[in-house]
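Residue numbers (this note's numbering): 63 to 513.
Take a look at the structure set out below.
This is how it looks when you write it as structure tokens:
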């Protein structure tokens, strides 16, 4: 029986390697019996690791790419370098004749266009191979409404400042940034120049130019600007403060918390201070959802491609009132979950009143397990504020998949009709913190493409 089990495991490993296209020429050695061989290695060629393209030989690959070395005595490789960057070797993917390995994702400091194979005795064997670096990738801007003169950062990858082709950022209107306060492979920081035009941002390195998916001064998909552009604001049971002050980024903002009200360690319920509600509809029969105050949000912004969209807003949490408990629960909803009055709506068979929306879990549709996003950055360090600056928060609409305690929701938005109403409520979240008196200033709530 032991022999049978051993053979079964051995056969499974071989089948798995062949299925994955690792190009193993034999299954003579089990991973737990791996030993570094004597002698020196020889690479005959390098190919793709995938069976469908195994006949395609390659002489160059981008950082992070998986490749397959093919040669002889390859188990004698003790260390492997691409230029001056060491690769991680997994002996489960090494045989005498093949090595499956990832090209290091870090950008080389010194480019020799060679692979270096080092044996256990220290002998080094070279092989010509070019590692190419992609054009930069742009993930996010720390504040998409950053005022001129403030420090901002763009995160992503492959930010290279080459002396022959310096790193450059171009904002709308051909506003150029070529001086930086910090540069790393994954982030660049700089002082925001004067720019009043909305649009994408270009970043250029020696390896190419990339245009951002995000917009500076983004007005696409605007739902709530609190300055009259959409005309939408409070439309529920509670009227949150909509105001402006010396910290304003674009005029008015909505404020949650007054700076004196305590939030308990478990994020206790306090919708009178920490909830912003926009429940579409009206007191009419049937309810009006097509115009004016109470218009359905899907009649303001096209949510047809919601799976490729994100909710964004600017957020300011003062350092004097940090946040250390509760989750910002953000929930879109259709009429079967909430409407302004509960009166009928033309074309919809099921219309719910707001009294069971999102959090109590006791309604006929178990609204407490309705999918929403949970934003709670304080859990990383125990407390969170935005350093008396505005930041941009981005949450993909596919992340609206949690219940009120952070578990998987039983119902998630799955149709444009599910984006009629919006509630932002800092409460619960299933994680305890510490008592706090937080203040949240929120502006420019929008739903935009995230690609």
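Each residue gets a CB set at the ideal place from its N, CA and C atoms; glycine is no exception.
Only a predicted model underlies this, so the values are computations on that prediction, with no experimental measurement involved.
Integer Cβ distance of residue 391 from residue 489, believed to fall under 8 Å: Position 329 of the chain shown, counted from the first residue, corresponds to residue 391. Position 427 of the chain shown, counted from the first residue, corresponds to residue 489. The Cβ separation is near 6 Å, so the contact holds.
Looking only at its chain, what residues have a beta carbon closer than 6 Å to the beta carbon of residue 209, apart from the 5 residues adjacent to it on each side? Locating residue 209 in the chain shown gives position 147, counting from the first residue. Within the same chain, residue 209 has no close Cβ partners at all.
Once DSSP output is grouped into helix, strand and coil, what is the label at residue 372? Within the chain shown, residue 372 is the residue found at index 310, counting from 1. Strand at residue 372.
7 Å Cβ shell around residue 133 - same chain, five flanking residues per side excluded: Translated into positions along the chain shown, residue 133 becomes position 71. Only 103, 104, 105, 106, 159 meet the Cβ criterion.
Going by the beta-carbon positions, is the gap between residue 435 and residue 453 smaller than 8 Å? For the purposes of this step, residue 435 is identified with residue 373 of the chain shown, where counting begins at 1. For the purposes of this step, residue 453 is identified with residue 391 of the chain shown, where counting begins at 1. Not a contact, by the Cβ cut-off of 8 Å.
Of the listed residues 480, 334, 371, nearest to residue 519 (C-alpha basis): Lying outside 63 to 513, the shown extent of the chain, residue 519 is not represented and no answer is given.
Is the beta carbon of residue 387 sitting closer than 8 Å to the one on residue 327? As a first step, residue 387 must be located in the chain shown, where it is residue number 325. As a first step, residue 327 must be located in the chain shown, where it is residue number 265. Contact flag set, yes.
How is residue 352 classed by DSSP in three states: helix, strand or coil? Counting from one through the chain shown, the residue named residue 352 turns up at place 290. Here residue 352 sits in coil by DSSP.
Please state whether DSSP places residue 458 in a helix, a strand or coil. In the chain shown, the residue the question calls residue 458 occupies position 396. Strand, per DSSP.
Would you check if the distance between the CB atom of residue 473 and the CB atom of residue 433 is smaller than 8 Å? Taking the chain shown and counting its residues from 1, one reaches residue 473 at position 411. Taking the chain shown and counting its residues from 1, one reaches residue 433 at position 371. Yes, they are a contact pair.
Complete beta strand (DSSP E) runs within the stretch 159 to 233 (minimum length 3 residues, chain order): 160 to 164, 176 to 180, 186 to 190, 192 to 194, 199 to 203, 213 to 219, 230 to 233
For residue 317, list the residues DSSP reports as bridge partners. Taking the first residue of the chain shown as position 1, residue 317 is located at position 255. Partner(s): 303, 503.
Under a Cβ-count criterion, where at least 16 other Cβ atoms within 10 Å of its own Cβ denotes burial, should residue 282 be classed as buried or exposed? Taking the first residue of the chain shown as position 1, residue 282 is located at position 220. Flag for residue 282 reads exposed.
Sorted by chain position, which residues of the same chain lie with C-beta nearer than 8 Å to residue 172's C-beta, five sequence neighbours on each side aside? Locating residue 172 in the chain shown gives position 110, where the first residue counts as 1. Correct list, in chain order: 145, 146.
CB residue 319 to CB residue 389, shorter than 8 Å? Within the chain shown, residue 319 is the residue found at index 257, counting from 1. Within the chain shown, residue 389 is the residue found at index 327, counting from 1. The answer is no: Cβ separation not under 8 Å.
Within 10 angstroms of the Cβ of residue 309, are there 16 or more other Cβ atoms? Answer buried if so, exposed if not. Start at 1 with the first residue of the chain shown, and residue 309 comes out as number 247. Per the 10 Å Cβ criterion, exposed.
On the DSSP bridge assignment, give the partners of residue 325 in chain order. Residue 325 sits at position 263 when you count from the first residue of the chain shown. Residue 325 pairs with 498.
Could you tell me the alpha carbon to alpha carbon distance between residue 187 and residue 174, rounded to whole angstroms? In the chain shown, the residue the question calls residue 187 occupies position 125. In the chain shown, the residue the question calls residue 174 occupies position 112. Roughly 14 Å between the two C-alpha positions.
Out of 266, 228, 362, 376, point me to the one whose CA is closest to residue 292's CA. On the chain shown, residue 292 is found 230 positions in, with the first residue counted as 1. Comparing Cα-Cα distances from residue 292 to each of 266, 228, 362, 376, the minimum goes to 362.
Would residue 280 and residue 510 be called neighbours here (beta carbons separated by less than 8 Å)? Along the chain shown, read from residue 1 onward, the residue named residue 280 stands at position 218. Along the chain shown, read from residue 1 onward, the residue named residue 510 stands at position 448. Closer than 8 Å, so yes.
Could you tell me whether the stretch 214 to 232 touches the stretch 182 to 200, where touching means 3 or more Cβ pairs closer than 8 Å? yes
Leaving aside the five residues before and after residue 242 along the sequence, list all residues of the same chain whose C-beta is less than 8 Å from its C-beta, in chain order. Looking up residue 242 in the chain shown gives position 180. The answer, listed in chain order, is 223, 229, 250, 251, 252.
7 Å Cβ shell around residue 439 - same chain, five flanking residues per side excluded: By 1-based counting over the chain shown, the position of residue 439 is 377. Here the set comprises 446.
What's the gap between the Cα of residue 322 and the Cα of residue 377? Counting from 1 along the chain shown, the entry for residue 322 is found at position 260. Counting from 1 along the chain shown, the entry for residue 377 is found at position 315. The alpha-carbon atoms of residue 322 and residue 377 are separated by roughly 19 Å.
Which residues share a DSSP beta bridge with residue 270? By 1-based counting over the chain shown, the position of residue 270 is 208. Answer by DSSP bridge pairing, in chain order: 267.
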